[in-house]
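Undergrad:
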Amino acid sequence: MGAGQWLLAGLLFLLFGFLVFWNLGGYHPWGDEGETGVYARNILRCGFPKAFDGRNVFEYRGGVQANPEYLNVHSPWLQYYVGALGLACCGDDAWGLRVPFALFALAAHLLFFGYCLKVFPDSRTALTALALFSLNTQLILFCRQARYYPLVLFLSVFFLRCIPSDDGRIRHHGLLWLSLILLFFAHPLAGFCLAASVMLYQGFRRGLPFLREVWKPALMALLPIFLFLAWQKAEGAPPSPFIMTNLAPPKALWVFLVFIKDLHWSGVIPLGLVAGFFGLWATSRSPDDRPLFHIGFQAFATGAGFLLLLAWLSIQPSEFLSADLRYALPAFPLFLVFQAAFFAILSRRFPRTAVFFLGVALFTGFFSGKLAPSPLFSFLAENLHPFPNSTRVAVEYLQ
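Per our numbering: the sequence shown = residues 0 to 398.
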(Lines of atoms letter the chains of each structure in order from A and count residues from 1; the text may use other names and numbers.)
(Lines give C-alpha, C1' and ligand atoms only; values in the text may rest on other atoms or scores of the structure.)
Protein backbone atom coordinates (compact mmCIF):
# COMPACT_ATOMS: atom_id res chain seq x y z
CA MET A 1 0.00 0.00 0.00
CA GLY A 2 1.13 3.51 -0.77
CA ALA A 3 1.25 6.43 1.65
CA GLY A 4 -2.01 7.83 0.30
CA GLN A 5 -3.83 4.55 0.88
CA TRP A 6 -2.52 4.27 4.45
CA LEU A 7 -3.69 7.85 5.02
CA LEU A 8 -7.16 6.97 3.73
CA ALA A 9 -7.29 3.90 6.00
CA GLY A 10 -6.29 6.07 8.96
CA LEU A 11 -8.99 8.62 8.14
CA LEU A 12 -11.60 5.87 7.92
CA PHE A 13 -10.49 4.57 11.32
CA LEU A 14 -10.74 8.06 12.84
CA LEU A 15 -14.16 8.59 11.27
CA PHE A 16 -15.40 5.24 12.56
CA GLY A 17 -14.05 5.99 16.04
CA PHE A 18 -15.69 9.42 16.03
CA LEU A 19 -19.08 7.98 15.03
CA VAL A 20 -18.83 5.22 17.64
CA PHE A 21 -17.78 7.47 20.56
CA TRP A 22 -19.68 10.68 19.77
CA ASN A 23 -22.29 11.34 22.51
CA LEU A 24 -21.79 7.79 23.77
CA GLY A 25 -22.94 8.62 27.29
CA GLY A 26 -25.52 11.24 26.37
CA TYR A 27 -28.67 9.12 26.64
CA HIS A 28 -30.19 6.52 28.94
CA PRO A 29 -29.57 2.81 28.37
CA TRP A 30 -32.43 1.04 26.65
CA GLY A 31 -33.93 -2.16 28.08
CA ASP A 32 -31.26 -4.75 27.31
CA GLU A 33 -28.45 -2.27 28.04
CA GLY A 34 -30.05 -1.62 31.41
CA GLU A 35 -29.95 -5.35 32.10
CA THR A 36 -26.23 -5.36 31.27
CA GLY A 37 -25.72 -2.41 33.62
CA VAL A 38 -27.59 -3.95 36.55
CA TYR A 39 -25.72 -7.25 36.35
CA ALA A 40 -22.40 -5.45 35.79
CA ARG A 41 -22.98 -3.32 38.89
CA ASN A 42 -23.80 -6.41 40.95
CA ILE A 43 -20.61 -8.10 39.70
CA LEU A 44 -18.65 -5.26 41.28
CA ARG A 45 -20.49 -5.91 44.55
CA CYS A 46 -20.32 -9.71 44.80
CA GLY A 47 -18.30 -11.00 41.83
CA PHE A 48 -21.21 -12.65 40.00
CA PRO A 49 -24.11 -11.40 37.81
CA LYS A 50 -26.79 -11.71 40.46
CA ALA A 51 -30.30 -10.31 40.25
CA PHE A 52 -30.22 -9.37 43.96
CA ASP A 53 -28.03 -6.58 45.31
CA GLY A 54 -28.89 -7.06 49.00
CA ARG A 55 -31.88 -4.74 48.82
CA ASN A 56 -33.64 -4.98 45.45
CA VAL A 57 -34.43 -7.92 43.17
CA PHE A 58 -34.02 -7.29 39.45
CA GLU A 59 -36.82 -9.15 37.67
CA TYR A 60 -36.43 -9.02 33.90
CA ARG A 61 -38.53 -11.00 31.43
CA GLY A 62 -40.73 -12.39 34.16
CA GLY A 63 -37.87 -13.57 36.34
CA VAL A 64 -36.90 -16.48 34.06
CA GLN A 65 -33.28 -15.35 33.94
CA ALA A 66 -32.34 -16.16 37.54
CA ASN A 67 -31.98 -19.43 39.45
CA PRO A 68 -32.96 -19.75 43.15
CA GLU A 69 -29.61 -18.18 44.13
CA TYR A 70 -30.45 -15.15 41.92
CA LEU A 71 -27.67 -15.98 39.45
CA ASN A 72 -28.37 -15.17 35.82
CA VAL A 73 -28.57 -18.47 33.94
CA HIS A 74 -30.36 -17.31 30.79
CA SER A 75 -27.70 -15.22 29.04
CA PRO A 76 -23.93 -15.81 28.82
CA TRP A 77 -21.91 -13.76 31.28
CA LEU A 78 -19.14 -12.33 29.12
CA GLN A 79 -20.99 -9.10 28.32
CA TYR A 80 -21.71 -8.50 32.01
CA TYR A 81 -18.05 -8.80 33.01
CA VAL A 82 -17.05 -6.48 30.16
CA GLY A 83 -19.65 -3.99 31.41
CA ALA A 84 -18.36 -4.34 34.97
CA LEU A 85 -14.84 -3.57 33.75
CA GLY A 86 -16.15 -0.39 32.15
CA LEU A 87 -18.01 0.70 35.28
CA ALA A 88 -14.92 0.10 37.42
CA CYS A 89 -12.49 1.91 35.11
CA CYS A 90 -14.56 4.63 33.43
CA GLY A 91 -17.30 5.55 35.89
CA ASP A 92 -20.67 4.27 37.08
CA ASP A 93 -22.77 5.80 34.32
CA ALA A 94 -23.85 5.19 30.73
CA TRP A 95 -20.48 6.33 29.37
CA GLY A 96 -18.54 3.93 31.59
CA LEU A 97 -20.89 1.08 30.73
CA ARG A 98 -20.54 1.53 26.96
CA VAL A 99 -16.84 2.42 26.64
CA PRO A 100 -15.36 -1.12 26.71
CA PHE A 101 -17.84 -2.31 24.09
CA ALA A 102 -16.92 0.64 21.86
CA LEU A 103 -13.24 -0.24 22.28
CA PHE A 104 -13.96 -3.79 21.11
CA ALA A 105 -15.62 -2.25 18.05
CA LEU A 106 -12.47 -0.23 17.29
CA ALA A 107 -10.35 -3.36 17.67
CA ALA A 108 -12.70 -5.19 15.29
CA HIS A 109 -12.23 -2.36 12.77
CA LEU A 110 -8.43 -2.77 12.86
CA LEU A 111 -8.61 -6.57 12.65
CA PHE A 112 -11.05 -6.37 9.77
CA PHE A 113 -8.69 -4.21 7.73
CA GLY A 114 -5.82 -6.60 8.44
CA TYR A 115 -8.00 -9.50 7.33
CA CYS A 116 -8.91 -7.71 4.09
CA LEU A 117 -5.25 -6.97 3.34
CA LYS A 118 -4.53 -10.67 3.81
CA VAL A 119 -7.22 -12.01 1.46
CA PHE A 120 -7.27 -9.31 -1.24
CA PRO A 121 -4.29 -8.93 -3.57
CA ASP A 122 -5.44 -5.41 -4.44
CA SER A 123 -5.27 -2.93 -1.56
CA ARG A 124 -8.00 -0.83 -3.20
CA THR A 125 -10.47 -3.67 -2.67
CA ALA A 126 -9.43 -3.91 0.98
CA LEU A 127 -10.04 -0.16 1.34
CA THR A 128 -13.47 -0.59 -0.28
CA ALA A 129 -14.40 -3.22 2.31
CA LEU A 130 -13.07 -0.97 5.09
CA ALA A 131 -15.17 1.94 3.79
CA LEU A 132 -18.30 -0.24 3.81
CA PHE A 133 -17.47 -1.26 7.38
CA SER A 134 -16.79 2.32 8.51
CA LEU A 135 -19.85 3.98 6.95
CA ASN A 136 -22.53 1.38 7.61
CA THR A 137 -25.15 3.02 9.79
CA GLN A 138 -26.56 -0.16 11.29
CA LEU A 139 -23.15 -1.57 12.16
CA ILE A 140 -22.14 1.65 13.94
CA LEU A 141 -25.36 1.57 15.96
CA PHE A 142 -24.63 -1.97 17.11
CA CYS A 143 -21.08 -0.98 18.04
CA ARG A 144 -22.37 1.77 20.36
CA GLN A 145 -24.43 -0.50 22.58
CA ALA A 146 -23.50 -2.15 25.87
CA ARG A 147 -24.52 -5.58 24.66
CA TYR A 148 -22.85 -8.59 23.12
CA TYR A 149 -22.92 -7.06 19.60
CA PRO A 150 -19.41 -5.50 19.58
CA LEU A 151 -18.02 -8.61 21.30
CA VAL A 152 -19.50 -10.90 18.65
CA LEU A 153 -18.23 -8.61 15.90
CA PHE A 154 -14.69 -8.58 17.31
CA LEU A 155 -14.56 -12.33 17.92
CA SER A 156 -16.02 -13.05 14.47
CA VAL A 157 -13.32 -11.00 12.74
CA PHE A 158 -10.66 -12.55 15.00
CA PHE A 159 -12.03 -15.96 14.08
CA LEU A 160 -11.85 -15.18 10.34
CA ARG A 161 -8.35 -13.78 10.72
CA CYS A 162 -7.13 -17.18 11.92
CA ILE A 163 -8.64 -19.29 9.13
CA PRO A 164 -7.34 -18.47 5.63
CA SER A 165 -4.02 -19.94 4.58
CA ASP A 166 -2.37 -20.62 1.26
CA ASP A 167 -3.05 -24.35 1.33
CA GLY A 168 -6.55 -24.00 2.79
CA ARG A 169 -5.77 -25.80 6.03
CA ILE A 170 -6.73 -24.42 9.40
CA ARG A 171 -3.94 -22.70 11.30
CA HIS A 172 -3.80 -21.52 14.90
CA HIS A 173 -6.12 -24.20 16.30
CA GLY A 174 -5.71 -22.90 19.85
CA LEU A 175 -6.75 -19.36 18.90
CA LEU A 176 -9.72 -20.69 16.94
CA TRP A 177 -10.86 -22.74 19.93
CA LEU A 178 -10.44 -19.75 22.22
CA SER A 179 -12.45 -17.49 19.92
CA LEU A 180 -15.24 -20.08 19.63
CA ILE A 181 -15.41 -20.62 23.40
CA LEU A 182 -15.59 -16.86 23.99
CA LEU A 183 -18.22 -16.56 21.26
CA PHE A 184 -20.42 -19.08 23.06
CA PHE A 185 -20.09 -17.04 26.24
CA ALA A 186 -20.90 -13.87 24.29
CA HIS A 187 -23.83 -15.30 22.33
CA PRO A 188 -24.42 -19.03 21.76
CA LEU A 189 -26.03 -18.57 18.34
CA ALA A 190 -22.97 -16.69 17.09
CA GLY A 191 -20.66 -19.44 18.32
CA PHE A 192 -22.81 -22.15 16.77
CA CYS A 193 -23.00 -20.39 13.38
CA LEU A 194 -19.27 -19.74 13.17
CA ALA A 195 -18.44 -23.27 14.29
CA ALA A 196 -20.66 -24.58 11.50
CA SER A 197 -19.02 -22.20 9.06
CA VAL A 198 -15.60 -23.76 9.78
CA MET A 199 -16.94 -27.17 8.82
CA LEU A 200 -18.51 -25.78 5.64
CA TYR A 201 -15.35 -23.87 4.79
CA GLN A 202 -13.21 -26.99 5.09
CA GLY A 203 -15.80 -29.37 3.66
CA PHE A 204 -16.26 -27.49 0.40
CA ARG A 205 -12.62 -26.71 -0.20
CA ARG A 206 -11.63 -28.09 -3.55
CA GLY A 207 -8.75 -30.53 -3.56
CA LEU A 208 -8.90 -31.43 0.14
CA PRO A 209 -10.21 -34.80 1.40
CA PHE A 210 -13.49 -34.01 3.17
CA LEU A 211 -13.38 -36.72 5.83
CA ARG A 212 -9.75 -36.03 6.67
CA GLU A 213 -10.25 -32.31 7.18
CA VAL A 214 -13.77 -31.99 8.58
CA TRP A 215 -13.20 -33.81 11.88
CA LYS A 216 -11.02 -31.01 13.26
CA PRO A 217 -13.58 -28.22 12.83
CA ALA A 218 -16.29 -30.63 14.00
CA LEU A 219 -14.36 -31.10 17.24
CA MET A 220 -13.93 -27.32 17.46
CA ALA A 221 -17.69 -26.94 17.14
CA LEU A 222 -18.55 -29.58 19.75
CA LEU A 223 -16.12 -28.55 22.50
CA PRO A 224 -17.50 -25.02 23.05
CA ILE A 225 -21.08 -26.35 22.92
CA PHE A 226 -20.33 -28.91 25.65
CA LEU A 227 -18.54 -26.28 27.76
CA PHE A 228 -21.49 -23.91 27.48
CA LEU A 229 -24.03 -26.64 28.33
CA ALA A 230 -21.88 -27.75 31.28
CA TRP A 231 -21.79 -24.17 32.56
CA GLN A 232 -25.59 -23.88 32.36
CA LYS A 233 -26.03 -27.27 34.06
CA ALA A 234 -23.69 -26.26 36.87
CA GLU A 235 -25.70 -23.09 37.47
CA GLY A 236 -28.98 -25.01 37.68
CA ALA A 237 -30.44 -23.87 34.37
CA PRO A 238 -32.75 -26.09 32.31
CA PRO A 239 -31.10 -27.70 29.27
CA SER A 240 -29.88 -24.77 27.23
CA PRO A 241 -32.99 -22.57 27.05
CA PHE A 242 -31.05 -19.80 25.35
CA ILE A 243 -29.79 -22.00 22.52
CA MET A 244 -33.15 -23.70 22.02
CA THR A 245 -34.97 -20.37 22.00
CA ASN A 246 -32.76 -19.09 19.20
CA LEU A 247 -32.29 -22.27 17.18
CA ALA A 248 -35.78 -23.81 17.36
CA PRO A 249 -36.86 -21.87 14.22
CA PRO A 250 -34.48 -21.58 11.28
CA LYS A 251 -33.27 -18.24 12.60
CA ALA A 252 -30.99 -17.38 9.71
CA LEU A 253 -33.76 -17.93 7.15
CA TRP A 254 -36.20 -15.99 9.32
CA VAL A 255 -33.78 -13.07 9.58
CA PHE A 256 -33.35 -13.05 5.81
CA LEU A 257 -37.12 -13.09 5.24
CA VAL A 258 -37.60 -10.23 7.70
CA PHE A 259 -34.96 -8.27 5.82
CA ILE A 260 -36.73 -8.95 2.52
CA LYS A 261 -40.03 -7.86 4.07
CA ASP A 262 -38.54 -4.49 4.93
CA LEU A 263 -37.74 -3.79 1.27
CA HIS A 264 -40.55 -1.80 -0.25
CA TRP A 265 -39.84 -2.56 -3.89
CA SER A 266 -41.34 -5.91 -4.80
CA GLY A 267 -39.35 -5.85 -8.03
CA VAL A 268 -35.96 -5.75 -6.29
CA ILE A 269 -35.97 -9.44 -5.39
CA PRO A 270 -36.98 -10.93 -8.79
CA LEU A 271 -34.51 -8.62 -10.50
CA GLY A 272 -31.85 -9.63 -8.00
CA LEU A 273 -32.49 -13.33 -8.59
CA VAL A 274 -32.18 -12.90 -12.35
CA ALA A 275 -28.94 -10.99 -11.88
CA GLY A 276 -27.79 -13.65 -9.42
CA PHE A 277 -28.27 -16.49 -11.91
CA PHE A 278 -26.31 -14.51 -14.48
CA GLY A 279 -23.57 -13.87 -11.91
CA LEU A 280 -23.35 -17.57 -11.00
CA TRP A 281 -23.10 -18.51 -14.66
CA ALA A 282 -20.40 -15.92 -15.29
CA THR A 283 -18.27 -16.83 -12.27
CA SER A 284 -18.62 -20.59 -12.77
CA ARG A 285 -16.94 -20.27 -16.16
CA SER A 286 -13.70 -19.04 -14.63
CA PRO A 287 -13.74 -19.65 -10.87
CA ASP A 288 -10.95 -18.18 -8.82
CA ASP A 289 -8.56 -20.70 -7.34
CA ARG A 290 -8.45 -19.02 -3.97
CA PRO A 291 -11.07 -20.43 -1.59
CA LEU A 292 -12.41 -17.14 -0.26
CA PHE A 293 -13.01 -15.72 -3.71
CA HIS A 294 -14.44 -18.98 -5.03
CA ILE A 295 -16.94 -19.40 -2.19
CA GLY A 296 -17.70 -15.70 -2.07
CA PHE A 297 -18.46 -15.39 -5.75
CA GLN A 298 -20.71 -18.42 -5.68
CA ALA A 299 -22.59 -17.31 -2.57
CA PHE A 300 -22.72 -13.52 -2.46
CA ALA A 301 -20.73 -11.76 -5.14
CA THR A 302 -23.48 -11.83 -7.74
CA GLY A 303 -25.94 -9.34 -9.12
CA ALA A 304 -28.39 -10.39 -6.41
CA GLY A 305 -25.81 -9.79 -3.72
CA PHE A 306 -24.99 -6.37 -5.06
CA LEU A 307 -28.66 -5.33 -5.14
CA LEU A 308 -29.14 -6.61 -1.59
CA LEU A 309 -26.07 -4.65 -0.51
CA LEU A 310 -27.55 -1.47 -1.98
CA ALA A 311 -30.86 -2.14 -0.25
CA TRP A 312 -29.06 -2.97 3.03
CA LEU A 313 -27.25 0.36 2.99
CA SER A 314 -30.51 2.21 2.27
CA ILE A 315 -32.54 0.84 5.19
CA GLN A 316 -33.22 3.35 7.94
CA PRO A 317 -31.69 2.61 11.37
CA SER A 318 -35.04 2.20 13.14
CA GLU A 319 -36.23 -0.30 10.50
CA PHE A 320 -33.02 -2.29 10.71
CA LEU A 321 -32.86 -2.51 14.49
CA SER A 322 -36.52 -3.45 14.83
CA ALA A 323 -36.02 -6.35 12.43
CA ASP A 324 -33.83 -8.44 14.77
CA LEU A 325 -31.04 -8.58 12.20
CA ARG A 326 -28.53 -8.50 15.03
CA TYR A 327 -28.54 -12.30 14.81
CA ALA A 328 -26.81 -11.98 11.42
CA LEU A 329 -23.95 -9.98 12.95
CA PRO A 330 -21.41 -12.87 12.97
CA ALA A 331 -21.66 -13.08 9.16
CA PHE A 332 -21.52 -9.33 8.65
CA PRO A 333 -17.72 -8.97 8.17
CA LEU A 334 -17.60 -11.79 5.62
CA PHE A 335 -20.64 -10.32 3.87
CA LEU A 336 -18.79 -7.01 3.45
CA VAL A 337 -15.69 -8.80 2.14
CA PHE A 338 -17.69 -10.62 -0.53
CA GLN A 339 -19.47 -7.42 -1.56
CA ALA A 340 -16.17 -5.56 -1.81
CA ALA A 341 -14.88 -8.32 -4.10
CA PHE A 342 -17.89 -7.95 -6.37
CA PHE A 343 -17.62 -4.16 -6.27
CA ALA A 344 -13.99 -4.42 -7.39
CA ILE A 345 -15.02 -6.42 -10.46
CA LEU A 346 -17.89 -4.07 -11.17
CA SER A 347 -15.82 -0.92 -10.79
CA ARG A 348 -13.13 -2.20 -13.15
CA ARG A 349 -15.72 -2.58 -15.89
CA PHE A 350 -17.76 0.58 -15.33
CA PRO A 351 -16.36 2.45 -12.33
CA ARG A 352 -18.50 5.57 -12.58
CA THR A 353 -21.72 3.57 -12.51
CA ALA A 354 -20.60 1.47 -9.54
CA VAL A 355 -19.51 4.52 -7.53
CA PHE A 356 -22.78 6.26 -8.39
CA PHE A 357 -24.90 3.34 -7.17
CA LEU A 358 -22.99 3.03 -3.89
CA GLY A 359 -23.24 6.78 -3.33
CA VAL A 360 -27.01 6.71 -3.89
CA ALA A 361 -27.32 3.79 -1.45
CA LEU A 362 -25.26 5.46 1.29
CA PHE A 363 -26.75 8.94 1.08
CA THR A 364 -30.41 8.27 0.22
CA GLY A 365 -33.05 5.68 1.08
CA PHE A 366 -33.63 4.99 -2.61
CA PHE A 367 -32.88 1.26 -2.73
CA SER A 368 -35.19 0.48 0.18
CA GLY A 369 -38.04 1.81 -1.95
CA LYS A 370 -38.39 5.05 0.02
CA LEU A 371 -37.41 8.56 -0.94
CA ALA A 372 -36.28 8.95 2.66
CA PRO A 373 -33.42 10.99 4.10
CA SER A 374 -30.00 9.44 3.98
CA PRO A 375 -29.51 6.77 6.69
CA LEU A 376 -26.10 8.28 7.41
CA PHE A 377 -27.41 11.84 7.68
CA SER A 378 -30.47 10.89 9.72
CA PHE A 379 -28.14 8.86 11.93
CA LEU A 380 -26.08 11.97 12.67
CA ALA A 381 -29.18 14.14 13.06
CA GLU A 382 -30.56 11.80 15.72
CA ASN A 383 -27.36 12.40 17.70
CA LEU A 384 -26.48 8.72 17.44
CA HIS A 385 -29.31 7.65 19.73
CA PRO A 386 -29.88 3.92 19.10
CA PHE A 387 -33.61 3.85 19.84
CA PRO A 388 -35.14 7.36 19.70
CA ASN A 389 -38.59 6.20 20.84
CA SER A 390 -37.59 3.39 23.18
CA THR A 391 -38.88 3.10 26.72
CA ARG A 392 -36.39 3.53 29.51
CA VAL A 393 -35.53 0.76 31.88
CA ALA A 394 -38.00 0.44 34.74
CA VAL A 395 -35.13 0.35 37.20
CA GLU A 396 -33.88 3.75 35.89
CA TYR A 397 -30.34 2.45 35.81
CA LEU A 398 -28.66 5.86 35.71
CA GLN A 399 -30.48 7.08 38.80
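The beta carbon of each residue, even a glycine, is placed where N, CA and C say it ideally should be.
1) Check whether the Cβ atoms of Pro149 and Ala101 sit closer than 8 Å, and answer yes or no.
2) Under the three-state reduction of DSSP, which class applies to Val56: helix, strand or coil?
3) Give the straight-line distance between the Cα atoms of Asn71 and Pro48, rounded to the nearest whole angstrom.
4) Can you have a look at Glu58 and say buried or exposed, based on whether 16 or more other CB atoms are within 10 angstroms of its CB?
5) Pull up the DSSP beta-bridge partners for Leu70, would you.
6) How big is the Cα-Cα spacing for Gly358 and Thr127?
7) In this structure, how does DSSP classify Asn41 when only helix, strand and coil are distinguished?
8) Using the Cβ count rule (16 or more neighbours within 10 Å means buried), how would you classify Gln78?
9) Hey, how far is the Cα of Phe157 from the Cα of Leu175?
10) In angstroms with no decimal places, state the Cα-to-Cα distance between Gln4 and Ala125.
11) Let me know the secondary structure DSSP gives Gln144 once reduced to three states.
12) Hey, how far is the Cα of Leu109 from the Cα of Arg40?
13) For a test of the three-state rule: what should DSSP assign to Phe12, helix, strand or coil?
14) Out of Gly30, Arg146, Leu181 and Tyr69, state which residue places its alpha-carbon closest to the alpha-carbon of Gly46.
15) Specify, as a first and last residue, the run of the alpha helix (DSSP H) that Gly82 falls within.
16) Between Leu105 and Gly9, which are expected to be in contact by the criterion C-beta below 8 Å, what is the C-beta distance as a whole number of angstroms?
17) Nearest by alpha-carbon distance to Leu13: which of Cys161, Leu134 and Val118 is it?
18) If distances are taken between C-alpha atoms only, which option among Leu6, Arg146, Phe20 and Gln137 comes closest to Val37?
19) Distance, Cα to Cα, Pro75 vs Arg143?
20) Could you check the C-alpha separation between Leu335 and Pro329 for me, to the nearest Å?
21) Would you mind stating whether Leu11 and Leu43 have Cβ atoms separated by less than 8 Å?
22) Counting along the chain, where does the alpha helix (DSSP H) carrying Tyr114 start and finish?
23) I'd like to check one pair, Ala83 with Ile24: are the Cβ atoms closer than 8 Å?
TA: Considering the structure as presented:
1) yes
2) strand
3) 6 Å
4) exposed
5) Lys49
6) 13 Å
7) helix
8) buried
9) 8 Å
10) 10 Å
11) coil
12) 30 Å
13) helix
14) Tyr69
15) Leu77 to Cys89
16) Not confirmed; about 13 Å, so no contact.
17) Leu134
18) Arg146
19) 20 Å
20) 11 Å
21) no
22) Ala93 to Val118
23) What sits at residue 24 in the sequence shown is Gly, not Ile. Cβ distance not < 8 Å, so Gly24 and Ala83 don't count as in contact.
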